[in-house]
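S.K.: Below: one structure in structure tokens.
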Amino acid sequence: MTWKWFARLRESCGRNRKTKLFSCRKKKAEARQIQHGLDEHEEHGKTGAPANGNENPSTTDDHLVSTQDYDNLLEEHSRSQRENERLQGEVSRLSGDNRNLESDNHNLKETIHMRDSQILILRPYRTGFTQENAKNGFEDLLQNIELWVEKWTDKLIDNEGFRNEWINSLHHFPRAVHKFQQLLSCNQDLLSTIGYVDSDQDIMSACILRFVRQKIFGDMPCGIVSRRVELLQEVESTLPLCTAPKLDMSAISSWRAQAYHALFSRPEYSEAREKAIDAVTSELANILGFLCGSSKWSGFISSISSEIIEPSVRLDENFRRTNEEYYFETAPWGEPGEEMGRSFPDGQLRELLGSLECFNAVKHNRKFLTDQLNPIPSAEEIRNRLHFISSLHPALKVRELRGKNKKGSVTLVKEKVLVAWDPKLPRGKSPATLKEETWLSRFSSN
């Protein structure tokens, strides 16, 4: 019985093995058939012709339809890729815009915070002196000085007989002549300007303004004891170092302005102010005394005080009383008479010329604008043929708060500069060769 059972089991295993082999072979045959069909379809897609000459038309049409679908899919894929690239570029642009907006938003928040702090801190103290007032005040002072110079020197220009008589009388004013020549020697650019036609009065005005800047618009205001100003400046320099709480710039600016206002409001300041004005007036009169005879001395002194010194002191007080910081600035000029391209690279020179008021010393001080020249000079010509002569007055600027602890500068009045531009002047030749004799050149030669 055991043997029969083992025989039946062996027969059953043989049948199962044959069945499995047949099934495996069948599956392999089907796989080969499928692969063959795929190869034919691929070849047909490449050549556009049936893989088998006996293929019937319906199969060919199916292949053509499949090929068209494939081409459509490729085209659709290509369009999708292009659209995706466009969208990626748009996303990149929008991301950049978003970063810019985030930066602008941050700056606006800082500005709002700064304005809020200013409202809380500065509202109790406000002078009403605006940037427009500062601009007009400085321009009025410049005009006052120019009119004063014209009043006392016009006859030296227009009347040759008076000019000769005046030159011959200079030996009666040795101290004044010496003091003015000393002032000129301390300002070499102005000294080198003497001799250019129609520049004498500009030189005189520039000398007076530089004297006023030194005596009135310096570190020490007129009429205040120096030790008090030094203490104020020491405290101001210490305020930014404060912590817990830290003081922002608006608080420091407000403190400085109110401190100066308090000093100007002291009962003794009015008398000290008048004494200081008289002292500065007398000093300037002694420098310019060669312009006036003894018979007109009283009016000469009075005109200097009322038209130059008092307006200067008043403007300086207004500058110091405000929360904003007003200051004067001149460009870092090289030697008088040298080509401007030596001191400034091309890009910097172009930008600088746009921030200046330039007048041509060799063309009767006519306003100089490069874009109005005919022909318009090249950048190389400007570098090599435009000469710096002198600075007639500085720029007036103001520092503004732009954020919690940031300051930015704004130009209220441009710097006025004398330049020399003459295309006929050989390159490398000094414009000083174009000078002529003037009343100030005859004065300086004495």
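Position 411 of the sequence shown, counted from 1, bears residue number 410 in numbering that gives the first Met the number 0, the numbering being contiguous throughout.
Virtual Cβ for every residue (Gly too), placed ideally from N, Cα, C.
Which value, in whole angstroms, describes the spacing of the CA atoms of LEU290 and THR152?
M.R.: Going from the Cα of LEU290 to the Cα of THR152 covers about 7 Å.
S.K.: I need the straight-line Cα distance from THR242 to ALA256, nearest angstrom please.
M.R.: Rounded to the nearest angstrom, the two C-alpha atoms are 21 Å apart.
S.K.: Sort LYS178, GLU379, GLN347, GLU414 by Cα distance to ALA394 and report the nearest one.
M.R.: Among LYS178, GLU379, GLN347, GLU414, the Cα nearest to that of ALA394 is on GLU414.
S.K.: Could you check how far apart the C-beta atoms of HIS386 and VAL418 are, in whole angstroms? I think they sit under 8 Å.
M.R.: Rounded, the Cβ-Cβ distance is 6 Å, consistent with contact.
S.K.: Is the beta carbon of SER389 closer than 8 Å to that of SER191?
M.R.: Yes. Within cutoff.
S.K.: Does the pairing of the segment 308-317 with the segment 127-141 give three or more beta-carbon distances under 8 Å?
M.R.: Enough Cβ pairs lie closer than 8 Å, so yes.
S.K.: Taking only the alpha-carbon atoms, compute the straight-line gap between MET91 and GLU84 and give it to the nearest angstrom.
M.R.: A small correction: the amino acid at residue 91 is Ser; Met does not occupy that position in the sequence shown. Between SER91 and GLU84, the C-alpha separation is close to 10 Å.
S.K.: Using three-state DSSP, classify THR410 as helix, strand or coil.
M.R.: Here THR410 sits in strand by DSSP.
S.K.: In terms of DSSP beta bridges, what is VAL418 paired with?
M.R.: Bridge partners of VAL418: ASN359, PHE387.
S.K.: May I have the straight-line CA-CA distance separating ARG162 from SER168, to the nearest angstrom?
M.R.: Roughly 10 Å between the two C-alpha positions.
S.K.: Would you mind working out which of ASN373, VAL409, CYS357 sits nearest LYS366, comparing C-alpha positions?
M.R.: Looking at the Cα atoms, CYS357 is the closest of the given residues.
S.K.: DSSP state of ALA330, grouped into three classes?
M.R.: Residue state, collapsed to three classes: coil.
S.K.: Buried or exposed: where does LYS423 fall if 16 or more other Cβ atoms within 10 Å of its Cβ makes it buried?
M.R.: Answer is exposed; the Cβ neighbour count stays below 16.
S.K.: Nearest-angstrom Cα distance between GLN142 and SER311?
M.R.: About 12 Å.
S.K.: Ordered along the chain, which non-local residues of its own chain (more than five positions away) have a Cβ less than 6 Å from that of ARG226?
M.R.: None.
S.K.: Entirely within the segment 271-306 and at least 4 residues each: give me those alpha helix (DSSP H) ranges in chain order.
M.R.: You should have 296-303.
S.K.: Return the CA-CA distance between ALA250 and LEU238, expressed in angstroms with no decimal places.
M.R.: ALA250 and LEU238: Cα-Cα distance of roughly 9 Å.
S.K.: Please name the residue, chosen from SER354, GLU380, SER443, that lies closest to VAL416 on a Cα-to-Cα basis.
M.R.: For the residues SER354, GLU380, SER443, the minimum Cα distance to VAL416 belongs to SER354.
S.K.: Which value, in whole angstroms, describes the spacing of the CA atoms of ASP345 and ARG382?
M.R.: Roughly 7 Å separates the two Cα atoms.
S.K.: Would PRO430 and VAL361 be called neighbours here (beta carbons separated by less than 8 Å)?
M.R.: The answer is yes: Cβ separation under 8 Å.
S.K.: Looking only at C-alpha atoms, which of THR126, VAL224, SER443 sits nearest to TYR268?
M.R.: Comparing Cα positions, the closest option is VAL224.
S.K.: Within the continuous alpha helix (DSSP H) that includes MET203, where are the two ends?
M.R.: From DSSP, the alpha helix (DSSP H) with MET203 extends over 199-214.
S.K.: Buried or exposed: where does TYR325 fall if 16 or more other Cβ atoms within 10 Å of its Cβ makes it buried?
M.R.: When all chains shown are included, TYR325 counts as buried.
S.K.: What is the DSSP secondary structure of GLU145, counted as helix, strand or coil?
M.R.: The answer is helix: DSSP assigns GLU145 an H, G or I state.
S.K.: Between which residues of its own chain and PHE343 is the CB-CB distance below 8 Å, once the five residues before and five after are set aside?
M.R.: So the list reads LEU351, once near-sequence residues are dropped.
S.K.: From GLU270 to GLN213, what does the alpha carbon distance come to, in whole angstroms?
M.R.: For GLU270 and GLN213, the distance between alpha carbons rounds to 22 Å.
S.K.: Thinking just about the alpha-carbon of each residue, which of LEU283, LEU246, LEU146 is nearest to the one in ARG174?
M.R.: When only C-alpha atoms are compared, the closest one is LEU283.
S.K.: Rank ASN359, SER443, PRO335, HIS363 by C-alpha distance to the C-alpha of GLN187 and give the top, closest one.
M.R.: Comparing Cα-Cα distances from GLN187 to each of ASN359, SER443, PRO335, HIS363, the minimum goes to PRO335.
S.K.: Can you confirm whether ASP153, when its beta carbon is compared against all beta carbons of chain D, has any partner nearer than 8 Å?
M.R.: No chain D appears in the structure shown, which is made up of a single protein chain.
S.K.: Using 8 Å for Cβ pairs, my map puts LEU183 next to CYS206. What's the rounded Cβ distance?
M.R.: Right, the Cβ-Cβ distance comes to about 7 Å (below 8 Å), so this counts as a contact.
S.K.: By a C-beta neighbour count over all protein chains shown, 10 Å radius and 16 as the cutoff for buried, is LEU189 buried or exposed?
M.R.: Result: buried.
S.K.: In terms of alpha-carbon separation, which member of ASN359, PRO374, ARG384 lies closest to GLU337?
M.R.: Of ASN359, PRO374, ARG384, the residue nearest in Cα terms is ARG384.
S.K.: If I follow the unbroken alpha helix (DSSP H) through LYS434, where does it start and stop?
M.R.: Premise fails: LYS434 is in no alpha helix (DSSP H) and is neither H nor E.
S.K.: Looking only at DSSP bridge pairs, what is GLU338 linked to?
M.R.: GLU338 is bridged to HIS386.
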